[in-house]
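Asker: Protein chains in written order, with our numbering: chain A, 372 to 1243; chain B, 620 to 729. All C-beta atoms, glycine included, are put in the ideal place defined by N, C-alpha and C. What you are looking at is a predicted structure, and each value in this text was computed from that prediction instead of being measured.
#1: Got a sec: which bits of the segment 900-927 of chain A sit with their beta carbon under 8 Å from any beta carbon on chain B, in order along the chain?
#2: Quick one: grab the DSSP three-state call for residue 780/A.
#3: Among 688/A, 667/A, 1097/A and 1160/A, whose alpha-carbon lies nearest the alpha-carbon of residue 614/A?
#4: Check each candidate in 521/A, 906/A, 380/A and 456/A and name the one with the smallest Cα separation from residue 1104/A.
#5: Flag this pair as touching only if the segment 491-499 of chain A and the segment 597-617 of chain A have three or more C-beta atom pairs under 8 Å; answer yes or no.
#6: Between residue 1030/A and residue 996/A, how many whole angstroms is the CB-CB distance? I'm expecting something under 8 Å.
#7: Could you tell me which chain A residues have their CB closer than 7 Å to the CB of residue 693/B, listed as they occur along the chain?
#8: Grouping DSSP H, G and I as helix and E and B as strand, with all else coil, what is residue 856/A?
#9: Which residues in chain B sit within 7 Å of residue 560/A, going by Cβ to Cβ distance?
#10: Just checking: is the beta-carbon of residue 664/B within a distance shorter than 8 Å of some beta-carbon in chain A?
#11: Between residue 378/A and chain B, is the shortest Cβ-Cβ distance under 8 Å, so that the two count as touching?
#12: Closer than 9 Å by beta-carbon distance: list the chain B residues that pair up with residue 394/A, in chain order.
#13: Take the Cβ of residue 926/A as the centre, count every other Cβ of all protein chains shown within 10 Å, and call the residue buried at 16 or more, exposed below.
#14: Mark residue 624/A as exposed unless 16 or more other C-beta atoms lie within 10 angstroms of its C-beta, in which case mark it buried.
#15: Quick one: which chain A residues come within Cβ less than 8 Å of residue 698/B?
#16: Using beta carbons (cut-off 8 Å, strictly below), is residue 1223/A in contact with chain B?
#17: Assuming residue 1053/A and residue 982/A are in contact, meaning their beta carbons sit under 8 Å apart, how far apart are those beta carbons, in whole angstroms?
#18: Could you give the distance in angstroms between the alpha-carbon of residue 451/A and the alpha-carbon of residue 458/A?
#19: Runs of 4 residues minimum, wholly inside the segment 935-961 of chain A: which ones carry the alpha helix (DSSP H) assignment?
#20: How close, in whole Å, do the beta carbons of residue 816/A and residue 803/A come, if the pair is a contact with beta carbons under 8 Å?
#21: Does the CB of residue 326/A have a neighbour CB from chain B at under 8 Å?
#22: Counting only beta-carbon atoms, is residue 648/B nearer than 8 Å to chain A?
#23: Would you call the CB atoms of residue 1115/A and residue 805/A closer than 8 Å?
#24: Ends of the alpha helix (DSSP H) at residue 557/A?
#25: Quickly, what does DSSP pair residue 607/A with across the bridge? List them, please.
#26: Can you tell me which of the three DSSP states residue 903/A falls into?
#27: Going by other Cβ atoms of all chains shown within 10 Å of its Cβ, with 16 needed for buried, is residue 936/A buried or exposed?
#28: Could you check whether residue 799/A and residue 494/A sit closer than 8 Å to each other, using their CB atoms as the reference points?
#29: Going by C-alpha to C-alpha distance, which of 717/A, 594/A and 546/A sits closest to residue 403/A?
#30: Anyone know if the C-beta pair for residue 744/A and residue 463/A falls short of 8 Å?
#31: So the candidates are 686/B, 703/B, 711/B and 658/B; which of them puts its Cα closest to the Cα of residue 387/A?
#32: Between residue 689/B and the rest of its own chain, which residues show a CB-CB distance below 8 Å, the 5 nearest in sequence each way excluded?
#33: Taking 8 Å as the threshold, find out whether the segment 1127-1134 of chain A comes into contact with the segment 870-887 of chain A through three or more Cβ pairs.
#34: Tell me, please, whether the segment 1013-1027 of chain A touches the segment 1076-1086 of chain A by the rule of three or more beta-carbon pairs shorter than 8 Å.
#35: Residues of chain A with CB closer than 7 Å to the CB of residue 670/B, please, in chain order.
#36: Name, please, each residue of chain B whose Cβ falls closer than 7 Å to the Cβ of residue 741/A.
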C-alpha cells in the first residue's frame, strides 16, 4: 500500500531517511525514536495520499458513457434490490469501525501521542539503583543525592517533586496533592493558565504552616470552583484552619509527569526541603531531568553513577538487623548506580502493552468485518452472473464491470463508516465514564481531528481490503459471461474466508470470556467485610493523639442518628499498598507472596467492620482501653504461622521492642489492600498497645436503611473541634469498586470486542451459507425428486457446511491458546485451565455458526422439488 | 533555454534549500533539505510536503536526482540526493527579479 501511494524510488529514499533519523534519535530513547519514526511515516503517507487526491480532482471530468455518476446510480439501485445484503454489509463495517475508532481514541492518548511537554524526547526520569539487583529494584532519591547529581551534571536541568498526601478544599473534602520545586514547570515547558507561585512561596519562613499556596489543575478548578476566573487568592480551609490558597490554574492539557497508579494530584504546592534534607537515607524525592544537546541517556547514567560514590561515603552505617533479607539490606544501603530512563517509558510502562494489545485486537475486528464483506460479496456475485453477462453483452468491459462492483462496496463501506462515526460520541462518552482514574492519558478520549482522521483512514483501509479481495475474485468470472448457475458450492476461497472468520472470532471470544470470568471471580470473591451499610472515613488525627480525644470523636459519630457502630484503625486500607507487619514472623511459618499486616484498632472496630469470630474471643473493653498485650489474627495468618495448630494461646513478638502479644481470637480474612490483591494475613491489636497510636481510617456502620446518614456523619466530622481532620468519606462499596476500575475496564473492552466479533461472524456465516445453499436449490430439488427426505437433505447440507467451521475452530484454538497466555497476567487468580470460559466461547461460536448454517438448510429443505427444478 | 515556469512560494523555498544544502560538498537529500527549511524559515513544515514537492520539482525538470551507495545506518538503503537544474536557476532568478521590481519604492509601516 505504501508503494502505491508513493513513487517506488522515493518511498525507498524516505524510508532510508527515516531510518537514519531514527537511529540518531534512538541514542536518547529507542522507544521515543520508534514512535517518532512511525508518526513521521504515517504523516508522510497521509500527505502523499492527500496530494494524489487533490491532483486527481484537478484533472477529473465526468464521463459521457457509463461514467462515474452513472455507475454510482447503478450501484445504488443494485444495493436497493438487496436490502438484507446492504444492511448486513454496512452493519458489520459500522460496528467494527465504531469500536476500532473508540479504542484508537483511548490508545492515541497512551501510545501514539508525544508527551505534552516541550521537546519531550529530552526529558528523563532519574532514580537510584544497585548493581547487585535487577534494574527493576530502584529507589527514589534523597536531598543529598539530588545535590550530588546536580553537581555532577551541571549541563543537565533537574527538577524535583514529591508526591502524596491530601490537602483540604473545604466542605469536609480534600484532594490529592503533589509538591514541585521551582524548576519543574520550566523544565516541562508548561505555563500556568493563570497566576503561578511567587518566589516567596518557596521560602519556609514566609509560608503559613496551615495554609499552602496551590496551583489547581484545570479540572479541579472547573469542578470545585466552577471555573471562576476570580479564584486567584481565594482560601479554602477545613474546620481546623488547614487548607489552601489558590495561587494559579494549570492549563487544561497538563498531565502530571509521573506514573502514579490511582493517585492523581489535583493540586500542586511548592516543594520545600524538610528537616531530612541532610540525611542521605531519607529517600522520597522524584527527580526529572532534561538532557542537553549531544548527551545520551547512558552518558548521563554513567556520570551520575560516579557521583553516587560521594553520597555513599557519607551514608550512615546500617543497624545490623538479622531479620533483614539480603535484598532488603542492599535496598536500605547507598546507591552504587543511577538509572536514567526516558520519561515516556516511565509514564507509559504500565498501560502501553495493554493499549497495544487492545488496539491490535480492535484492528483485527475491522479486518474481520472486511473479510466478512468480501465473503458476502463473493457469494452475491454468483447470483449476478446473468445481470453481469447482460451488461457485458451490451458493451461493458471487464474494468468497467469490476469498477461497478467496487463502487457498490465502496458505498457500503462509506454507509457503514458514516453510521459508525455517528455512533462515536456515544461510545466515547461511555469509555470516558468507564476509564480508570489511574490511566495516564496525554489527551482525553474525545472525537477530535486525529480521531476523525483515523476513522477516515480505517474506512479507507477497509475499503482497500474489500476492493483488493473483490478484484482478485471477480475478473475471472466476469470474463466468462452467462455461466450456468449451478455450482457445487465447494468454493475453496469461500470456505477459507469462513474458516478465518471463525478463527478470529474464537480468539476474541475466548479472550473476552477469560476476562469476563476473571471479573466475575473478583466480584464474587469473599471480601470479608460486610460492605453494605458501611462507610469509610479517611482522617488525619491530631499530632498528639490521646485516648480521650479519640473516644470523644468516635462517640460523637456514634451519636449521629442512623449510626450503629464507629471503629478506628491506624492502617490505611484499600490504598493498594501492603504495610509491613510490626511483628516478627515465627520460625517455620509458611512463606507467602505478600507480607502480613498488623494494625491497631479500637473496641468498636470489629462490630463496625462486621467481622464475626471464627474462634476464641475478642479483646475486652478493658483490654482495649488499657492497651493489653492481646491480639486477634485472621484465619489465613493463623494457618500460615502455626500450620495445623490452633492459633489460640500462641504468642507473637513485636520487632521494635520485643513485646509479646497473646493470640486470643481468630476472625475471617478481610480485603485490606485492593480487590485483587490479598495481604499475607492480618494481626489486630488494641490501638492503645501500638507504639505510636494514630488513626488513619474510621469505619462507620449504619443501621439498616440509614445509609443516607453518611452526609450527617460527614457534617459532624467536618465540624469537629478536637483536631481530627476529615480528608475523604465514601461508602465501602464505592471504595471497593474503585479498586477494580482497571480490571472492569479491560474486561468491558474485551467482552465488547468479543461480542462484536461474534455478531459479525454470525451475520457473515449466515449470509455466506444462505447464498451457498441458495445456489444449490436445483440440486436439492433433484435429490428430493429422486426420493431424498427433508431431514436427510438438511443433514447433508449442515454436514458439508460444517467443514470450514471445524477448520476455523481448530485454527482459532491454537491462536486463542497463545492469546490466553498473553492475557493471563491480567487475570484475577486464573485457574490452570479455565474450561468454563473456553467452553462458553466455543459454544457461542458454534451456536452462531450453526444458526448461520441451519436456517438456510431448513429453508432449502422446505422447497417443492418441482419448483426447485424449474429454477435456473 | 526552456520556458521559465512560474514557481509557487513553497517550491521556491524548497529549491533554495536544495541550493544551500548542496554547497560545500554537502548532500541535498530529504533530511538535510527539511532541516534547512525549518532552521531558516522557523516554520512548522510537514515532512510529507517536502518529499512531495521534491518529487514534483523533479518531474517538472527543475531538479535532478541521483542515488548514493546504500549504507547500514540507513537500513541498507541509498540516499536520493537532488541538484538544481539550469531551468530552476533561471526560474528562481526570474522570481527574484519580479519581486525586486515590485518592492522598488515601497516602504511598509510597522
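Answerer: Based on what the coordinates show:
#1: none
#2: Numbered from its first residue, the first chain carries residue 780/A at position 409. In this structure, residue 780/A counts as helix in the three-state DSSP scheme.
#3: For this step, residue 614/A is matched to residue 243 along the first chain. Among 688/A, 667/A, 1097/A and 1160/A, the Cα nearest to that of residue 614/A belongs to 1097/A.
#4: Taking the first chain and counting its residues from 1, the one referred to as residue 1104/A is at position 733. Here the closest residue by C-alpha is 906/A.
#5: no
#6: Walking along the first chain from the start, residue 1030/A turns up at place 659. Walking along the first chain from the start, residue 996/A turns up at place 625. Going by Cβ atoms, the distance from residue 1030/A to residue 996/A rounds to 18 Å, so no, they are not a contact pair.
#7: The residue you call residue 693/B lines up with position 74 of the second chain. Ordered by position in chain A, the residues that pass the 7 Å Cβ test against residue 693/B are 387, 390 and 391.
#8: The residue labelled residue 856/A in the question sits at position 485 within the first chain. Interpretation of residue 856/A is limited by its pLDDT of 39, a score under 50 that renders its predicted location unreliable; the figure taken from the coordinates is listed afterwards. Three-state result, residue 856/A: coil.
#9: Counting from 1 along the first chain, the entry for residue 560/A is found at position 189. Here the premise fails: no neighbours, minimum Cβ distance about 16 Å.
#10: As a working mapping, residue 664/B is identified with position 45 in the second chain. Output row for residue 664/B: interface = no.
#11: Residue 378/A sits at position 7 when you count from the first residue of the first chain. So, interface residue.
#12: Reading the first chain from its first residue, position 23 is the one you call residue 394/A. Residues of chain B passing the Cβ test: 692, 693 and 694.
#13: As a working note, residue 926/A is residue 555 in the first chain. Exposed, because fewer than 16 other Cβ atoms sit within 10 Å of the Cβ of residue 926/A.
#14: Taking the first residue of the first chain as position 1, residue 624/A is located at position 253. When all chains shown are included, residue 624/A counts as exposed.
#15: Translated into positions along the second chain, residue 698/B becomes position 79. Those within 8 Å of residue 698/B in chain A are 384, 387 and 388.
#16: Position 852 of the first chain holds residue 1223/A. With 8 Å as the cut-off, residue 1223/A does not count as an interface residue toward chain B.
#17: On the first chain, residue 1053/A is found 682 positions in, with the first residue counted as 1. On the first chain, residue 982/A is found 611 positions in, with the first residue counted as 1. No, residue 1053/A and residue 982/A are not in contact; Cβ-Cβ is about 10 Å, not under 8 Å.
#18: Against the first chain, residue 451/A aligns to sequence position 80. Against the first chain, residue 458/A aligns to sequence position 87. Taking the straight line joining both Cα atoms gives about 10 Å.
#19: none
#20: The residue given as residue 816/A occupies position 445 in the first chain. The residue given as residue 803/A occupies position 432 in the first chain. Residue 816/A to residue 803/A, Cβ: 6 Å. Contact.
#21: The requested residue 326/A is not part of the displayed model; chain A covers only 372 to 1243.
#22: Indexing the second chain from 1 puts residue 648/B at position 29. At least one chain A Cβ lies under 8 Å of residue 648/B.
#23: Taking the first chain and counting its residues from 1, the one referred to as residue 1115/A is at position 744. Taking the first chain and counting its residues from 1, the one referred to as residue 805/A is at position 434. Cβ distance < 8 Å, so residue 1115/A and residue 805/A count as in contact.
#24: Looking up residue 557/A in the first chain gives position 186. Element bounds for residue 557/A: 555-559.
#25: Locating residue 607/A in the first chain gives position 236, where the first residue counts as 1. Per DSSP, 615/A.
#26: In the first chain, residue 903/A corresponds to position 532, counting from 1. Three-state result, residue 903/A: coil.
#27: Position 565 of the first chain, counting from 1, holds the residue named residue 936/A. Buried.
#28: For the purposes of this step, residue 494/A is taken as residue 123 along the first chain, with counting starting at 1. For the purposes of this step, residue 799/A is taken as residue 428 along the first chain, with counting starting at 1. No, the pair does not count as a contact, with Cβ atoms beyond the cut-off.
#29: As a working mapping, residue 403/A is identified with position 32 in the first chain. When each option's Cα is compared against that of residue 403/A, the closest is 717/A.
#30: Within the first chain, numbered from 1, the residue matching residue 744/A stands at position 373. Within the first chain, numbered from 1, the residue matching residue 463/A stands at position 92. Yes.
#31: Translated into positions along the first chain, residue 387/A becomes position 16. Nearest of 686/B, 703/B, 711/B and 658/B to residue 387/A, Cα basis: 686/B.
#32: On the second chain, position 70 is the one that residue 689/B refers to. Closer than 8 Å at Cβ, skipping near neighbours: 695, 696 and 697.
#33: yes
#34: no
#35: In the second chain, residue 670/B corresponds to position 51, counting from 1. Ordered by position in chain A, the residues that pass the 7 Å Cβ test against residue 670/B are 381, 385 and 415.
#36: Numbered from 1 along the first chain, position 370 holds the residue referred to as residue 741/A. Within chain B, no residue comes near residue 741/A; the closest Cβ sits about 26 Å away, beyond 7 Å.
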